[in-house]
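Take a look at the structure set out below.
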Amino acid sequence: MYWLLSENEQEMVRDTVNALTTELSVIDGNPQTDQLFPFVGRKDKRKAQSIVRHLSPKEGIVADPFSGSGIHPYAILSIGRKFLANEWEPYTNRLSGAPWRLPAKAELESNYNELIKKIKPELDKLYWTKCTCGADHVFKSLFYDRKPLRYTDVTHHERLGKKGENIEYRGNYKCPYCNCQEKFFNKNDEDHLSLLSSIPTHTIFNTKLIENSRINLSKKFAVYGSLFPHRSKLALKIIWENIQGLGSPFLVKFFLEDVFLSMLPQAKYKDYRSKSQDLHCPPEKLRENNLLFVYQENYKKRWNGMKQYKFTQSPGNPIRMIDFRDFFSALSNESVDLVFTDPPWTDGTAYFERAQLYHPWINYNLKTDRSRLEKEMVVSDAPSRKKVHDIHRWWSDLEVFFHSSYRVLKRNQYVALFFRPIPASQWLSNLNRIKLVARKAGFEPLLSIDVGSSDPSMRIQQSASYVFSKDVVMLFLRLEPVIRREFYEDHDLDQYVYQSAVELQENLKRPFFFSEWRKAFSEKLLSKGLSSVNSPKEELRIVKLFERYCDKIEGQFLPKIETPFSFQLFDTPATERLFTYIPKIIEDLSAKDKIFTYDQFLLRLSEFVENGTRQLIATIENIDMKAMIEPYAEPLPDGLHFRLRPLPTLPKGLTHVLALNPYEFEAFVAQLLRAQGYTQIALLGRSGDRGVDVIGLNPSGESTVVQCKRYFKNPVSAEPIQRLHSFAVTRGAIRKLLVTTSYFTKQAEQEAINTGTDTVNGKELELLIAKYMFDIFGTK
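Written as structure tokens, this is what we have:
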């Protein structure tokens, strides 16, 4: 583990990580300056360069087994490192390898101009319309509704004309005769569409796809042609067949085909606003594009994006296209300086299946590829795949990834995962489990760095404050075998060895002999169902672990003072640990930046509950994190940030505590507790959980839950005390306090004794007010 490295090695690791964190913190935004790959969410090349620069030596070798859109290999080469990259998805591999297939400009231009000359007359016929002045023209966009199919009186949106016109040819596409830029769909357009509907499309549109409703490929869209309007299918056929008929040199043909592939998201049924690559076919507010114009625009963008890349490593595409296991198997032991990748994550990014939008045009069918269907690292919701590719399989594949990375990495080198984790509701437990998997493979998790920029689209989502929308870098240090943690299945033997020593010392109240510890350790193993670890063949392993965590003092032993477990609260329930940590985390985040994101909150929280034990992971998965954060922080209107939730101010001119309404009374009790030295106080009264009204830490630092009862004459019964006790148990609170303006029944007083609940009645409350808030009443 990191703490077992030499002081010099520890200092080198700290310096490296601190320098990387500092540099990443000043890189703003996420510019998409190149258009090589039509992929929303591409990583920032500048950040990738920074990661590679700090975590690998000059002339070092960086491996990326899931290179995706190619941003990592491009970044690696741009700063002079060597790369070994792999992307198994055929379309993604093809487009990310484009910089190594750049044709000569003159030859490309000649073939492009010939292509446009051939397809323009045919496409102009497809996108024909008659302008309001009576002239024949072509449109740029047609806005319509798909369900029900409607080209007149379409659902309103801001891209329609001022009067609701739904055919547009604005800007450079305006009518050359009257300068008109838009019109209503009319009888001429209806007749033209009817004529086009009789023209057959390419047989490629009969291709059957893998059904997966999670990525919008429901049963009714599981045939390729169902994703496209009829006119787009005709246009795609014309463009593709003319590219094939050019007789162009190989590199030119590939470039022109890649431009074609890049415009497919614009050819399908699509929302009127977006250039999204998702497969959703919205029922209304659609936009049909003139694909000639789209092709011309994409051609220019693609050339301008590609020409900036000057590197070339080999003829053809140097990015391999094999399963990540085979990619690692081909690498020698300790031959790589950095493993840097963006791993596939959950069924929300089942990109092999998403890429079915492109597969038919590159003569590939995922549905019939048994190897990829079996081996792909993915969580798929496809009915035909989900029994095999569930979350358990994904975690198993991640274990293979870490074990393979350990074998090929050099001593004290890093794995860096640069990705956007989803879903947020499970992120804390997932983060812990990733760390557990990494530790089992011989890595030490160092930290998680929030490096993403705000995603404006998230602001329109309901409760977007609780969405994890930032890119994260997770760093792992490869440890030598003699200092890595020892596991049996998912059980951390290092932790059990240390716990046994600490518990034994506390019980004996003195140093202990090895034989005493060995007996205690054996009992712990048996309690965990690990009797096989007690076998003689494991004894040398156990002795080494004992020596790792215990110091010998005059023939006896004591637990070492400084270990990774020294400050972990093993015997404290996870809920109580969160109850203790969350207010402090929010206080720290608020003090530093005044506002903070949910991403920052979760990353900071993970530092406190990061030991990665399977028991902790299971517990955290069942915790409502939103309910835990709301009492202490309030979301801002932008939907992305939080700030510290202040205690409500009390009304002025009070004459008596009974003049307060129930909510004001809760705020009053909170202020009274603060005056007594309580800290990290928050009100729960309006959160919907009426088991408790106020939470905080008492002057001794113990988590405390408080119930407030503003009664005139009626006494407090036993029931509120029972509910308060139940809440305290479920939330892991240590102390319970019930405050009332009235008095308690005898049954309530007995219940308070039975449950260990502190009480304050009306007379005692007056004494506390007189002592701590003597000037509260009667002030103006």
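Be aware that the sequence shown starts at 70, since it is given in the numbering used here, and climbs by one per residue. Glycine included, each C-beta is placed from N, C-alpha and C at the ideal position. All values reported here derive from a predicted model rather than from experimental measurement.
The alpha carbon of Gly-203 has as its nearest neighbour, out of Ile-279, Cys-247, Val-95, Val-321, the alpha carbon of Cys-247. Around the beta carbon of Met-543, a 10 Å sphere encloses 16 or more other beta carbons of the protein chains shown; the residue is thus reported as buried. Just so you know, the alpha carbons of Gly-316 and Asn-155 end up roughly 31 angstroms apart.
Assigned with DSSP and collapsed to three states, Leu-614 falls in helix. About 22 angstroms separates the Cβ atoms of Gly-825 and Ser-811, ruling out a contact at the 8 angstroms cut-off. Distances from the alpha-carbon of Glu-128 to those of Pro-134, Ser-136, Ser-147 put Ser-147 closest. The criterion of a C-beta distance shorter than 8 angstroms is not satisfied by Ala-451 and Ile-630. By the Cβ rule, the region 800-819 counts as touching the region 778-789, because three or more pairs are nearer than 8 angstroms. With respect to Lys-116, Ile-96 sits close: the two C-beta atoms are nearer than 8 angstroms.
A Cβ-Cβ contact shorter than 8 angstroms links Asp-327 with Arg-371.
In the three-state DSSP reduction, Phe-556 falls in the strand class (E or B). A residue is called buried when at least 16 other Cβ atoms come within 10 angstroms of its Cβ; Pro-550 does not meet this threshold and is exposed. The beta carbons of Leu-705 and Ile-664 sit closer together than 8 angstroms. Using a C-beta cut-off of 8 angstroms, the region 288-308 makes contact with the region 260-276, since at least three inter-stretch Cβ pairs fall below that distance.
Between Gln-377 and Tyr-143, the alpha-carbon positions lie close to 11 angstroms from each other.
DSSP places Thr-828 inside the beta strand (DSSP E), whose first and last residues are 827-829.
Counting along the chain, no alpha helix (DSSP H) covers Trp-197; the unbroken beta strand (DSSP E) around it starts and ends at 197-199. Secondary structure of Asn-767 (DSSP, three-state): coil. With at least 16 other beta carbons inside 10 angstroms of its own, Lys-209 counts as buried.
In the DSSP assignment, Lys-479 falls within the beta strand (DSSP E) that extends over 478-488. In summary, Gln-118 is buried, with 16 or more beta-carbon neighbours lying within 10 Å of its beta-carbon over all protein chains present. Per DSSP, the unbroken beta strand (DSSP E) holding Gln-776 starts and ends at 772-778. For the set His-560, Glu-158, Gln-568, Pro-628, the Cα lying nearest the Cα of Pro-580 is the one of Pro-628. The C-alpha of Phe-324 is placed about 13 angstroms away from the C-alpha of Gly-385. Residue state for Pro-134 is assigned as coil, using DSSP reduced to three classes. Taken through DSSP and simplified to helix, strand or coil, Val-405 comes out as strand. When the alpha-carbon of Leu-286 is set against those of Tyr-420, Trp-72, Thr-632, the nearest one is in Tyr-420. In this structure, the CA atom of Ser-404 is about 16 angstroms from the CA atom of Phe-470.
Residue pairing from DSSP places Tyr-213 in a beta bridge opposite Leu-355. Per DSSP, the unbroken beta strand (DSSP E) holding Arg-547 starts and ends at 541-547. DSSP places Ala-419 in the coil class of the three-state scheme, outside both helix and strand. Taking each of Lys-621, Ile-312, Val-363 in turn and checking the Cα distance to Met-332, the smallest one comes out for Val-363. Nearest Cα to Leu-265 within the set Ile-388, Lys-231, Tyr-196: Tyr-196.
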